[in-house]
Amino acid sequence: GATRYYTFNVTMRQVTRLCTTRAIPTVNGQFPGPKIVTRDGDRVVVKVVNNVEDNVTIHWHGVRQMRTGWSDGPAYVTQCPIQTGQSFVYNFTITGQRGTLFWHAHVSWMRATLYGPIVILPKRGVPYPFPVKPYKEVPIIFGEWFNADPEAIIAQALRTGAGPNVSDAFTINGLPGPLYNCSSKDTFKLKVLPGKWYLLRLINAALNDELFFSVANHTLTVVDVDAAYVKPFHTDVVLITPGQTTNVLLRAEPDAGCPAATHLMLARPYGTGQPGTFDNTTVAAVLEYAPPGHVKALPLFRPSLPALNDTAFAANYSARLRSLATPEYPAAVPRLVDRSFFFAVGLGTNPCPANRTCQGPNGSMFTASMNNVSFGMPTTALLQAHYGNLAGVYTDDFPVAPLQPFNYTGTPPNNTNVSNGTKVVVLKYNTSVEVVLQDTSILGAESHPLHLHGFDFFVVGQGFGNYDSSKDPAKFNLVDPVQRNTVGVPAGGWVAIRFFADNPGVWFMHCHLEVHTSWGLKMAWVVNDGPLPEQKLMPPPSDLPKC
Ligand code: C2O
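In our numbering, the protein residues as written are -17 to 529.
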């Protein structure tokens, strides 16, 4: 393959949205950031230079990073952050992935504005596995705009124990669109030609909101999620969680009675949390048919979207996603499991520390945990500690199950204690792993988009209520389950995922709702080297930042 070189200069830039101007961190002054275009099998080399006051790291979300964990990017997991005035070269190879991924900052809430698309084309000469050739391919990247500084918002929330303020708008390719005040000029417009096919590369880079997306009067054909092909299916609405990507085909077909009409593309939340805990607004972009001669504003078509907390839609939509599972694109699902885990994931509260007043529920402070552990970030990178055998950075006693089983989706018990710790699970090279992720209703059922670094996993099962290990595994799909890197743990339900731990290193797993990560809904897997040279983590690059 080829090698693709990029330079990312992280600089502050004044950006105005909703009539509010704010200096935001950007890459090369662009918002959203530059698009990386590569092919399966290519090497990508990105020099990131930090010219802002805050620490920076960049994560290549969904890139498998085979043996190159040093380039994965989560701060204090695989690297110490790049300090002001310093730089670091990320260097990795795309292996067996085609579709759309994205890059984003991975330190505190910096990814609020620091993100951009990664387009992965098939190897040269290899066609797409779907019958139409898109006339154009267009990234559609969803984000959130905050009029206030997101770093100040999360700092204040952690100080007071309360929930952080929600964003002021959603954005499509950085633009809030005409449904917000003071924003119509900031509208993303996609000009299309009748009869042509378009490949929309949807990316949810929002901090804290799952989204429904739909285009008025146009059917979408889903062909790829998280850079893995799926069996194509038609839908009017796509559900996309933060951390997920979805490629859809759209055939431009103007309205018969009004060929120049404008069609809105809308996105708004799939909101499973308490009202007030998510941004309940709608972003619009425009699909524009522009035959010459039409200059006037013409009728506007609006798509309809499912109800805010339409969990049945979410479950049905997820169940339709299936791997291609063809000889060319086999689904390498682990059939036997070496180690199986049960993770209870959810929100909770901690008592307010003695010297503080907290504004969380009943004077407590919010926390979030997996198996009663709220993950605390170390001050040395876990990967460096693992590689250099440094003691005292993490412990290897992450619990394989909750302290005490309870009725996860019923009335929670009073003893759901949470402790803080930097705990990991250590896996032998190439262990086949199953994890059942069970939502808990300790603070109300809520969907959690769980993201695993360093791997794709197969979603072999999902269901509502409590997972039943005596009945549910019989229904697992081991033939064509969807392969992805981020899965929504259903509100009031569970998902089961499987993967081979064939990538040595330290790999973060966390809720991709950034506020839940901040509250501790995260953990890490340590995968040891295998015996062969090609089964070992590469040595650290010489410019790896120091803490
Ligand atoms: Cu896109 Cu650890 O995240």
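Note that the Cβ used here is the ideal one computed from N, Cα and C, for glycine as well.
- Residue range 496 to 500 is occupied by the alpha helix (DSSP H) that includes residue 499.
- The ligand C2O never approaches residue 498 closely enough for any of its heavy atoms to be under 7 Å from the residue's Cβ.
- Secondary structure at residue 122: strand, using DSSP grouped into helix, strand and coil.
- Of the heavy atoms belonging to the ligand C2O, none sits nearer than 7 Å to the Cβ of residue 333.
- With fewer than 16 other Cβ atoms inside 10 Å of its own Cβ, residue -13 counts as exposed.
- Around residue 333, the same chain offers 346 as residues with beta carbons nearer than 7 Å, after the five sequence neighbours per side are excluded.
- The region 123 to 170 contains, as complete alpha helix (DSSP H) runs of 4+ residues, the segments 132 to 142 (chain order).
- Between residue 282 and residue 248, the C-beta gap is not smaller than 8 Å, which leaves the two residues out of contact.
- Judged by the Cβ position, residue 430 fails to qualify as a neighbour of the ligand C2O at the 7 Å threshold, every heavy atom of the ligand being at least this far.
- DSSP lists 207 as the beta-bridge partner residues of residue 210.
- Straight-line measurement puts the Cα of residue 441 at about 15 Å from the Cα of residue 312.
- Scanning its chain for C-beta atoms nearer than 6 Å, with the 5 sequence neighbours on each side dropped, one finds around residue 321 the residues 413, 415, in chain order.
- The three-state reading of DSSP puts residue 80 in coil, since its state is none of H, G, I, E or B.
- The Cβ-Cβ distance between residue 444 and residue 307 does not fall below 8 Å.
- Residue 490 has its CB nearer than 7 Å to a heavy atom of the ligand C2O.
- A direct Cα-to-Cα measurement between residue -4 and residue 11 gives close to 9 Å.
- Of the heavy atoms belonging to the ligand C2O, at least one sits nearer than 7 Å to the Cβ of residue 56.
- Non-local C-beta neighbours of residue 225 in its own chain, meaning closer than 6 Å and more than five positions away in sequence, comprise 431, 433, 468, 494, ordered along the chain.
- Beta bridge pairing from DSSP links residue 431 with 470.
- Inclusion of residue 15 and residue 208 in the CB contact set at 8 Å is not warranted, their separation being larger than that value.
- For residue 295, the uninterrupted alpha helix (DSSP H) run begins and ends at 293 to 302, by DSSP.
- In the structure shown, the three-state DSSP call for residue 476 is strand.
- Rounded to the nearest whole angstrom, the CA to CA distance from residue 91 to residue 500 is 9 Å.
- Just measuring C-alpha positions, the residue of 523, 99, 118, 137 sitting nearest residue 175 is 118.
- In the DSSP assignment, residue 369 falls outside any beta strand (DSSP E) and within the unbroken alpha helix (DSSP H) covering 364 to 369.
- Check the Cα spacing between residue 402 and each of 425, 504, 242: the tightest is with 504.
- Three or more beta-carbon pairs separated by less than 8 Å link the region 74 to 93 to the region 20 to 29, which places the two stretches in contact.
- Excluding five sequence positions before and after residue 78, the CB atoms of its chain that fall closer than 8 Å to its own CB belong to 22, 46, given in chain order.
- At the C-beta level, residue 502 and residue 425 stay beyond 8 Å of one another.
- In this structure, residue 428 lies near residue 473, with their beta-carbon atoms less than 8 Å apart.
- Distance from the C-beta of residue 426 to the nearest heavy atom of the ligand C2O is not below 7 Å.
- Between residue 404 and residue 376, the C-beta gap is smaller than 8 Å, which places the two residues in contact.
- Distance from the CA atom of residue 327 to the CA atom of residue 257, rounded to whole angstroms, is 20 Å.
- CA-to-CA, the gap between residue 180 and residue 233 works out to about 6 Å.
- Counting of Cβ neighbours within 10 angstroms places residue 145 among the buried residues, the total reaching 16 or more.
- Looking at the backbone, the Cα of residue 99 and that of residue 336 are separated by about 45 Å.
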